[in-house]
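Structure first, commentary second.
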Amino acid sequence: MDYNKNLFLRISKLTCKFEDKNLEQEYQDFRWDKIRNYVRNLMIISEIFNMLIRADDIRLLGPNPWYIGYHVLGFIAWLLFLFYLSDNLKKKWHQVYFTIWIIGFMNMGSFSYYLIDPLAFPVKGGVLPIIMILWFYVWPYFFLNSMIVTISTTIPFCMLVLEQGSMTSDQIPYLYLIPFIFLSTVKWSKEKGDRIDFVKTKKLEANHKLMNNTLQRYFGQTLTEKILKDDGVLAGENSRATISFTDISSYSTIIEHMSPETAVKFLNEYFTGMHDIIEKYNGYIVSYIGDSVMVAYGAPKKVEDHELLAVKSAIGMRDKLKEMNDNWDKTEFSRYWKNNGIDEIKARTGIHTGSVIAGNIGSERMLQYSTIGDVVNVAARLEQVNKELDSSILISQEIYTTLTKDLHSLCDFKKEINLKGRDTLTKVYSL
0 MDYNKNLFLR ISKLTCKFED KNLEQEYQDF RWDKIRNYVR NLMIISEIFN MLIRADDIRL
60 LGPNPWYIGY HVLGFIAWLL FLFYLSDNLK KKWHQVYFTI WIIGFMNMGS FSYYLIDPLA
120 FPVKGGVLPI IMILWFYVWP YFFLNSMIVT ISTTIPFCML VLEQGSMTSD QIPYLYLIPF
180 IFLSTVKWSK EKGDRIDFVK TKKLEANHKL MNNTLQRYFG QTLTEKILKD DGVLAGENSR
240 ATISFTDISS YSTIIEHMSP ETAVKFLNEY FTGMHDIIEK YNGYIVSYIG DSVMVAYGAP
300 KKVEDHELLA VKSAIGMRDK LKEMNDNWDK TEFSRYWKNN GIDEIKARTG IHTGSVIAGN
360 IGSERMLQYS TIGDVVNVAA RLEQVNKELD SSILISQEIY TTLTKDLHSL CDFKKEINLK
420 GRDTLTKVYS L
């Protein structure tokens with residue numbers, strides 16, 4: 000539901016309910032969660048008082064079978080509602096049940112005294128405002144229900160106390176009419192205010208969710224949680240992590256004859272498939288650069304065996320790309336590269352591990368999470384060396400020494416290469 004629309008202004012002046020039925024139901028569900036325990040306790044306490052009142056009525060009026068029979072049925076209904084009905088049924092029917100219960104209880108007493116012995120009625124007209132306060136504010140009625148209950152119970156009560164003589168007709172304005180108008184107006188205003196506050200809260204929640212989802216789309220779940228937790232501050236920290244670079248072989252040739260829209264569609268489909276695998280192995284996508292994707296394992300979220308995760312992820316991406324090639328063949332989307340002499344889409348990955356500096360990097364006005372250090376440079380260089388060695392995944396000696404037996408068996412020593420900035424040769428292995 001779009002909470003940014005002014006739905007809260009569409010509140011019925013008669014019932015004080017949202018005109019939008021879905022929004023009204025959502026509000027009632029929200030309200031029930033808040034009053035559930037209050038309703039239960041109120042029903043138990045009120046039934047204790049009701050039993051005392053019934054006992055006093057029977058003492059004053061005698062054992063009237065109609066009076067006793069009605070309240071026995073009422074007590075059974077009370078037991079069923081409180082202990083038998085499911086929470087969903089209580090939520091759905093509590094307003095109707097309370098309305099019938101209170102009207103029946105009050106009017107059975109009023110009419111019994113009115114017909115049998117009005118003078119024996121122990122309550123006087125001065126309690127009218129208190130009765131209205133009970134129905135408007137103590138019992139958790141919605142506005143319309145509180146109006147129905149108040150009018151239905153106070154009119155018979157007024158008839159009784161007028162007949163009894165404890166209230167005169169000239170007292171009706173200040174004992175009944177003025178309190179009724181004041182209490183009902185305040186009740187309506189409060190209920191409207193509660194509904195407006197509900198929608199405002201939902202707006203805030205919806206905006207927070209939108210912000211969270213938007214941040215996750217651009218930064219991923221792990222970094223989003225850190226951004227929100229640390230007020231957007233991600234200070235640089237030294238971390239041991241594994242970095243991988245993956246790009247598409249012959250990318251320029253592949254997209255050469257594609258329209259911009261088709262090229263974007265192709266890249267989005269490719270990156271979506273790769274993202275699923277990267278996420279599976281707890282990788283964090285640091286950046287997309289053209290057709291290249293840079294991934295960190297072990298930063299910003301620390302994970303054990305990040306070297307193994309990076310290698311498994313690279314193998315998983317290679318397998319996923321085979322599936323995608325089969326699908327592109329079926330849909331004939333592969334014509335864009337097959338007509339240019341490229342049989343299938345291939346990707347190259349370079350992986351290295353070590354100490355990196357990870358955090359927000361950039362100006363004060365525009366920051367980007369990144370990792371910097373020799374590890375990043377080596378991983379990027381290994382990805383490029385794949386082209387020279389005709390391999391798809393190249394790993395450094397540092398990665399090789401961390402591999403499990405099953406992954407060791409997949410590795411082939413390729414050569415020792417000289418990397419810029421390093422004095423010694425680097426051993427590289429392919430998978």
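Residue numbering for the sequence shown follows numbering that gives the first Met the number 0, beginning at 0 and increasing consecutively.
Backbone N, C-alpha and C define an ideal beta-carbon position, used for all residues, glycine too.
Neighbourhood of residue i by C-beta, 7 angstroms cutoff - its chain only, sequence neighbours within 5 removed
| i | result |
| --- | --- |
| leucine 118 | Gln163 |
| serine 489 | This structure does not reach residue 489, given that the chain is present from 0 up to 430, and the question cannot be answered. |
| tyrosine 175 | Leu127, Thr153, Cys157 |
| serine 11 | Glu18 |
Residue i (DSSP reduced to helix, strand or coil)
| i | result |
| --- | --- |
| isoleucine 341 | coil |
| valine 433 | In the structure as shown, the chain starts at 0 and stops at 430, and residue 433 therefore has no counterpart that could be examined. |
| phenylalanine 244 | strand |
| tyrosine 283 | strand |
| leucine 393 | strand |
| histidine 207 | helix |
| lysine 16 | coil |
| histidine 256 | coil |
| phenylalanine 7 | The pLDDT assigned to phenylalanine 7 is 46, lower than 50, so where the model puts this residue is not dependable; a value taken from the coordinates is nonetheless given after this. Reduced to three states, the DSSP call for phenylalanine 7 is helix. |
| lysine 272 | The question names lysine, but residue 272 in the sequence shown is glycine. It is helical. |
| threonine 352 | strand |
| glycine 358 | strand |
| threonine 261 | helix |
| threonine 167 | coil |
| phenylalanine 431 | Residue 431 cannot be examined here, being either before or after the span of the chain that is shown, 0 to 430. |
| threonine 152 | helix |
| aspartate 411 | strand |
| arginine 239 | strand |
| serine 369 | strand |
Other residues of its chain near residue i: CB distance less than 6 angstroms, five sequence neighbours each side excluded
| i | result |
| --- | --- |
| leucine 59 | Ala119 |
| serine 165 | Lys123, Gly124 |
| serine 151 | Ile102 |
| serine 109 | Pro155, Phe156, Leu159 |
| glycine 372 | Val355, Ile356 |
| arginine 239 | Ser354 |
Rounded straight-line distance, which links the Cα of residue j to that of residue i
| i | j | result |
| --- | --- | --- |
| isoleucine 147 | lysine 279 | 59 angstroms |
| lysine 413 | alanine 378 | 16 angstroms |
| glycine 315 | isoleucine 34 | 51 angstroms |
| glutamine 220 | phenylalanine 142 | 44 angstroms |
| aspartate 290 | serine 408 | 30 angstroms |
| proline 121 | alanine 205 | 54 angstroms |
| isoleucine 129 | leucine 182 | 11 angstroms |
| isoleucine 195 | threonine 223 | 30 angstroms |
| leucine 22 | aspartate 193 | 13 angstroms |
| tyrosine 399 | valine 294 | 18 angstroms |
| glutamate 382 | asparagine 212 | 32 angstroms |
| leucine 6 | valine 198 | Bear in mind that the predicted position of leucine 6 carries a pLDDT of just 47, short of 50, making it unreliable; the figure below should be weighed with that in mind. If I take the Cα positions, the gap works out to 8 angstroms. |
| aspartate 32 | leucine 133 | 21 angstroms |
| glutamine 299 | threonine 241 | Before going on, a small fix: residue 299 reads as proline here, not glutamine. Rounded to the nearest angstrom, the two C-alpha atoms are 11 angstroms apart. |
| methionine 105 | tyrosine 26 | 30 angstroms |
| isoleucine 284 | arginine 30 | 42 angstroms |
| serine 111 | leucine 79 | 26 angstroms |
| threonine 401 | glutamate 306 | 7 angstroms |
| leucine 308 | aspartate 275 | 14 angstroms |
| serine 258 | aspartate 328 | 19 angstroms |
| isoleucine 115 | tyrosine 83 | 36 angstroms |
| leucine 418 | cysteine 410 | 21 angstroms |
Residue-level contact to chain D via CB, residue i, 7 angstroms cutoff
| i | result |
| --- | --- |
| phenylalanine 74 | The displayed structure is made up of one protein chain only, and chain D is not part of it. |
Residues near residue i in its chain [Cβ-Cβ closer than 8 angstroms; skip 5 each side]
| i | result |
| --- | --- |
| leucine 81 | Arg39, Met42, Ile43 |
| alanine 313 | Ser243, Thr245, Thr348, Ile350, Ile392, Leu430 |
| tyrosine 250 | Gly289, Asp290 |
**Prompt:** Hey, which unbroken runs of the alpha helix (DSSP H) at 4 residues or more fall wholly within the region 287-346?
**Reply:** 305-330, 334-337
**Request:** Pick out the complete beta strand (DSSP E) segments inside the region 60-136, 3 residues or longer, and give them in chain order.
**Result:** none
**Prompt:** Are three or more beta carbon pairs between the region 77-95 and the region 26-44 nearer than 8 angstroms?
**Reply:** yes
**Prompt:** Just checking, does the region 317-330 make contact with the region 281-290 on the three C-beta pairs under 8 angstroms criterion?
**Reply:** no
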